[in-house]
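Protein chains in written order, with our numbering: chain E, 28 to 137; chain H, 28 to 137.
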DNA sequence: TTTATTCATCGTAATATTGCAATGTACAAA
DNA sequence: TTTGTACATTGCAATATTACGATGAATAAA
C-alpha cells in the first residue's frame with residue numbers, strides 16, 4: 028500500500044504526524060536550520076548550502092511551503108524563502124504537547 | 028531513488044530527522060500516546076486499540092523499538108511494551124533544541 | 001532581441017513505506 | 001500431546017519518497 032490509513036486516527040494524531048514527517052528528512056532539517064541561522068530570507072544559495080541538486084531542493088522547499096512552515100516571495104530572478112513564524116510557533120506547540128506527555132509518574136516497567 | 032543522502036548531512040541533522048520520522052506516522056503517534064495514557068506496560072490490546080491489522084502493528088512496534096523509544100518484554104504468551112524513558116528524554120532534548128531555535132530577533136521578511 | 005540566470009515542473013528510476021494474508025514460533029491450558 | 005492464543009516474520013501489492021536530468025517560465029543584463 029504505502030498509504031497511511033489517516034481516517035482511523037484523530038485530527039490531532041494526524042497533525043502531529045504531518046508536522047513530524049516534514050522534518051523527518053535531513054535535507055529539510057538543514058534547510059530550516061539555515062533559515063534560522065542567517066536569520067532572514069535566503070535568496071538563492073540553498074543549493075550550494077545543502078549540496079543536493081536544484082530540482083531536489085526545490086521539491087523539499089515545496090513540501091515545507093505546502094505545510095506552511097516557510098514562505099517564499101519572488102525577488103527579481105531569484106526567490107526568497109523565510110520561516111513562517113506563526114506556523115512555526117503553532118507546530119512547536121503541537122509537538123511540545125506531544126513530547127511533554129507525563130512520564131514522571133512511574134519508571135519503566137518492562 | 029527513495030534513498031536519503033544521509034552522508035552529506037551532519038550527525039545532528041540525521042538524528043533529528045530519525046526521531047521526527049519515527050512519529051511521522053499517526054499509528055506510531057497513537058501507540059506512543061496509548062503507552063503514556065495507561066502509564067504502564069501494554070500487553071496485547073494494542074491491535075484492538077489502534078485498529079490496524081496485527082502484522083501492521085507489529086511492524087510499527089518494531090520501528091519504535093529499533094530506535095529505542097519503547098522496550099518490550101515477553102510475559103507468557105503476550106509481549107508487554109512500554110516507553111523507554113531515557114531514550115524519550117533524549118529525543119525530547121534533541122527535538123526541543125531544534126524547535127526552540129531563536130525566532131525572536133526579527134519578523135518575517137518575505 | 002538575444003543571452004544568461006534562477007527557479008519550478010515534468011518525467012523517470014531506484015528505493016522506502018504501508019498494510020495485510022498467510023504462516024511460523026513460543027508458550028499455556030486442556 | 002493437542003489445541004488455542006499471542007505475537008513475529010515472510011511475502012506481496014499498492015503507493016510514497018527521494019533524487020536528478022531535461023525542460024519550461026520568468027526576469028535581468030547585454
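Using N, Cα and C, we set each Cβ at its ideal position, and we do this for glycine too.
Have a look at residue i and residue j and give me their C-alpha separation to the nearest angstrom.
i, j, result
"residue 47 of chain E", "residue 104 of chain E", "32 Å"
"residue 120 of chain E", "residue 121 of chain H", "16 Å"
"residue 60 of chain E", "residue 60 of chain H", "28 Å"
"residue 78 of chain H", "residue 101 of chain E", "46 Å"
"residue 89 of chain H", "residue 41 of chain H", "20 Å"
"residue 129 of chain H", "residue 75 of chain H", "42 Å"
"residue 43 of chain H", "residue 126 of chain H", "10 Å"
"residue 32 of chain H", "residue 83 of chain H", "27 Å"
"residue 97 of chain E", "residue 108 of chain E", "7 Å"
"residue 73 of chain E", "residue 123 of chain E", "28 Å"
"residue 70 of chain E", "residue 106 of chain E", "6 Å"
"residue 80 of chain E", "residue 86 of chain E", "10 Å"
"residue 52 of chain E", "residue 95 of chain E", "17 Å"
"residue 28 of chain H", "residue 118 of chain H", "28 Å"
"residue 99 of chain E", "residue 92 of chain E", "8 Å"
"residue 50 of chain H", "residue 30 of chain H", "19 Å"
Let me see if you follow: with CB-CB separation under 9 Å, is residue i close to chain H or not?
i, result
"residue 96 of chain E", "no"
"residue 77 of chain E", "yes"
"residue 3 of chain E", "Only positions 28 to 137 of chain E appear in this structure, which leaves residue 3 of chain E out of reach."
"residue 119 of chain E", "yes"
"residue 126 of chain E", "yes"
"residue 93 of chain E", "no"
"residue 122 of chain E", "yes"
Compare the C-beta of residue i with all C-beta atoms of chain E and state if any pair is closer than 9 Å.
i, result
"residue 51 of chain H", "yes"
"residue 73 of chain H", "no"
"residue 59 of chain H", "yes"
Less than 8 Å between the CB of residue i and some heavy atom of the ligand GDP, yes or no?
i, result
"residue 113 of chain H", "In the structure shown, the ligand GDP is absent, as is every other ligand, since no ligand is present at all."
Any 3 or more C-beta pairs closer than 8 Å across the segment 62-69 of chain H and the segment 104-115 of chain E: no
Give, in chain order, every unbroken run of the alpha helix (DSSP H) that is at least 4 residues long and sits entirely within the segment 39-113 of chain E. 53-65, 73-77 and 81-93
Of the residues that make up the segment 80-91 of chain H, which ones have a beta carbon closer than 7 Å to any beta carbon in chain E? none
Taking 8 Å as the cut-off, does the segment 34-50 of chain H touch the segment 37-57 of chain E (at least 3 CB pairs, one atom from each stretch)? yes
Taking a cut of 7 Å between CB atoms, which residues from the segment 37-49 of chain E lie near chain H? 40, 41, 43, 44, 47 and 48
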